[in-house]
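*Asks:* Sequential numbering from 5 applies to the sequence shown in my numbering.
Backbone N, C-alpha and C fix where the C-beta goes; we use that ideal spot for every residue, glycine too.
Model, not experiment: these values are computed from the prediction.
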Amino acid sequence: MKKIPVWIDCDTGVDDAAALLCAHKLPQAELVGISAVAGNVELEKTYANCHRLTALMGADYPIYKGADKPWFRPLTIATYIHGEDGLGGAELPLPPLQNRPEPAWDALYAAARKYEGELELVAVGPLTNIANAVVKYPDLPQYLKRIVIMGGAAIGGNCTPCAEFNIYVDPHAAQCVFKSGIPVVMCGLDVTMKAYFTDGEIDAAAAAGGDVRRFFRESTRRAMQFCTGLGLPGVSFHDVCALFYVFFPDMFSGDEGGVYVETQSSLTLGKTVTDIYSDHQFEHHNAYVVLDLDRERFVKTITELLAEY
Ligand code: RIB
Ligand code: CA
5 MKKIPVWIDC DTGVDDAAAL LCAHKLPQAE LVGISAVAGN VELEKTYANC
55 HRLTALMGAD YPIYKGADKP WFRPLTIATY IHGEDGLGGA ELPLPPLQNR
105 PEPAWDALYA AARKYEGELE LVAVGPLTNI ANAVVKYPDL PQYLKRIVIM
155 GGAAIGGNCT PCAEFNIYVD PHAAQCVFKS GIPVVMCGLD VTMKAYFTDG
205 EIDAAAAAGG DVRRFFREST RRAMQFCTGL GLPGVSFHDV CALFYVFFPD
255 MFSGDEGGVY VETQSSLTLG KTVTDIYSDH QFEHHNAYVV LDLDRERFVK
305 TITELLAEY
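1) Cβ of residue 204 less than 7 Å from any chain C Cβ?
2) Short of 6 Å in beta carbon distance, which residues of its chain neighbour residue 38, apart from the five on each side in sequence? Order them along the chain.
3) Report all residues for which the CB-ligand distance to some heavy atom of ligand 2 is below 7 Å; order them along the chain.
4) Over the uninterrupted beta strand (DSSP E) stretch that includes residue 191, give me the two end residues.
5) Please state whether the Cβ-Cβ distance between residue 127 and residue 153 is less than 7 Å.
6) Relative to ligand 1, is the shortest distance from any of its heavy atoms to the C-beta of residue 53 smaller than 6 Å?
7) Note the first and the last residue of the continuous alpha helix (DSSP H) segment covering residue 177.
8) So who's on the other strand from residue 81, going by DSSP bridges?
9) Between the beta-carbon of residue 132 and the beta-carbon of residue 177, is there less than 7 Å?
10) What number of angstroms, rounded off, separates the C-alpha of residue 309 from the C-alpha of residue 29?
11) Cβ of residue 297 within 7 Å of Cβ of residue 256?
12) Kindly examine ligand 1 and report whether one of its heavy atoms sits closer than 6 Å to the Cβ of residue 168.
13) What is the C-beta distance between residue 92 and residue 224, in whole angstroms, given that I count them as a contact (C-beta under 8 Å)?
14) Using 10 angstroms around the beta-carbon of residue 61, count the other beta-carbons present and answer buried if the total reaches 16, otherwise exposed.
15) Going by the DSSP bridge assignment, what does residue 11 pair with across the sheet?
16) Under the three-state reduction of DSSP, which class applies to residue 260: helix, strand or coil?
17) Only counting the same chain, and skipping five residues up and downstream in sequence, which positions put a Cβ closer than 7 Å to that of residue 288?
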């Protein structure tokens, strides 16, 4: 089987961790590199968490450190969901850090060149690293197949009434990415809020025990409490949607359109403005906006991948 080369840029938090665990067990995935960005928690923690996860899965993927803050905004973190450590308080041993000298954007560009247009970039945190690569390497669009992000929302928000966290943290970087000319698939809240596990489904996925499944259960307790406390049916594994879109596109549906980011207004800062519900009048349709998924298949696929550990 021809493997699909993929790079994951993440702010390893709870759902980023689930995406990494799934990526390692996807037979058709060649995980080329992992890069960390500040987001759910500070960069030192997201970078360390990437190491904790690769140690947990028994892998040694190259891990690169990226941006420790957004382009212009002060860093906003999400410890209220992900905990101070970013992993919901689930204890994982910390292996020696790789401390590679090249920053995330240099390593990403080198990988894009190496894979000559085949590399799929899955970006599931604030887009600061990606925007740095776009600015530093103007020819990057020639070498990246596309960028599949977890971020944004055609309707609604979670960080503010109209902005999703990853975009809100660094709206200027996000705007740079949407305007880069690289095809973007936007897995926003429209689809990821439907991509949830109930508490019972997490218990079922973790029932066989073992370090990975125990982590999956322990790392999601805080988020489950937060989400059900808001009246939601469960915990969304937002980031896994972006990964799965690459490997199981028929699990999802959506619409082509234009997507651009509000970077000026204090009220709507970070809103991803799309024309998919207003006769598509934007000149450039720069994105595919994912709107729906087969949730039962989503849950089953994650459960089966975790059973591989
Ligand atoms: O809004 C959800 C997104 O913000 C997810 O990527 C989660 O990990 C946080 O980064
Ligand atoms: Ca994330």
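*Replies:* The answer reads as follows:
1) The structure shown contains no chain C; it holds only a single protein chain.
2) Position 34 of the sequence shown, counted from the first residue, corresponds to residue 38. Here the set comprises 12, 54, 65 and 67.
3) 14, 15, 17, 19, 20, 43, 44, 128, 129, 154, 170, 242 and 243
4) Here the question's residue 191 lines up with position 187 in the sequence shown. Note, residue 191: beta strand (DSSP E), 188-191.
5) For this step, residue 127 is matched to residue 123 along the sequence shown. For this step, residue 153 is matched to residue 149 along the sequence shown. Yes.
6) On the sequence shown, residue 53 is found 49 positions in, with the first residue counted as 1. No; taking the cut-off as 6 Å, the Cβ of residue 53 has no heavy atom of ligand 1 nearer than that.
7) Counting from one through the sequence shown, the residue named residue 177 turns up at place 173. For residue 177, the enclosing alpha helix (DSSP H) covers residues 175-182.
8) Your numbering for residue 81 matches position 77 in the sequence shown. For residue 81, which the question treats as bridged, DSSP gives no partner whatsoever.
9) The residue you call residue 132 lines up with position 128 of the sequence shown. The residue you call residue 177 lines up with position 173 of the sequence shown. Judged by beta-carbon spacing, residue 177 lies within the 7 Å limit of residue 132, meaning their Cβ atoms are closer than that value.
10) As a working note, residue 309 is residue 305 in the sequence shown. As a working note, residue 29 is residue 25 in the sequence shown. The straight-line gap from Cα to Cα measures roughly 6 Å.
11) The sequence position of residue 297 within the sequence shown is 293, counting from 1. The sequence position of residue 256 within the sequence shown is 252, counting from 1. In this structure, residue 256 lies closer than 7 Å to residue 297 by Cβ.
12) Taking the first residue of the sequence shown as 1, we reach residue 168 at position 164. Under cutoff, so the answer is yes.
13) Numbered from its first residue, the sequence shown carries residue 92 at position 88. Numbered from its first residue, the sequence shown carries residue 224 at position 220. Yes, they are in contact, since the Cβ atoms of residue 92 and residue 224 sit about 6 Å apart, within 8 Å.
14) The residue given as residue 61 occupies position 57 in the sequence shown. Under a 10 Å Cβ-count criterion, residue 61 is classified as buried, with 16 or more other Cβ atoms of the shown protein chains found around its own Cβ.
15) Taking the sequence shown and counting its residues from 1, the one referred to as residue 11 is at position 7. Answer is 37 and 125.
16) The residue given as residue 260 occupies position 256 in the sequence shown. Taken through DSSP and simplified to helix, strand or coil, residue 260 comes out as strand.
17) Locating residue 288 in the sequence shown gives position 284, counting from the first residue. Contacts found: 262.
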